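Novice:
In full-length UniProt numbering, the protein residues as written are 1 to 74.
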């Protein structure tokens, strides 16, 4: 594998992880503090800017159906 391909793989892995973590942190935050708690909105903005809409839609559907693998409770 070339150096460029290795760099791309690492960059994408970090991007994916930050996207997912902000999504999880947002729902943990609103479950603990409510949707109006200002710091929660930072997680919301972050995952909406980092994550593709398709991922968010999929995760939202899984969460609403109780099939999402994360624990959103604090």
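Don't be surprised by glycine CBs; every beta carbon is placed ideally from N, CA and C.
Source: prediction; values computed, not measured.
Is it true that the CB of residue 67 sits closer than 9 Å to the CB of residue 27?
Specialist: no
Novice: Looking only at C-alpha atoms, which of 51, 53, 20, 50 sits nearest to residue 70?
Specialist: 20
Novice: If you follow the alpha helix (DSSP H) that residue 64 is in, where does it begin and where does it stop?
Specialist: Here the alpha helix (DSSP H) through residue 64 covers 53-64.
Novice: Just tell me which of 32, 17, 25 has its CA closest to the CA of residue 45.
Specialist: 25
Novice: How long is the line joining the alpha carbons of residue 50 and residue 60, rounded to whole angstroms?
Specialist: Going by the C-alpha atoms only, they are around 15 Å apart.
Novice: Relative to the alpha-carbon of residue 18, which residue among 43, 53, 57, 73 has its alpha-carbon at the smallest distance?
Specialist: 43
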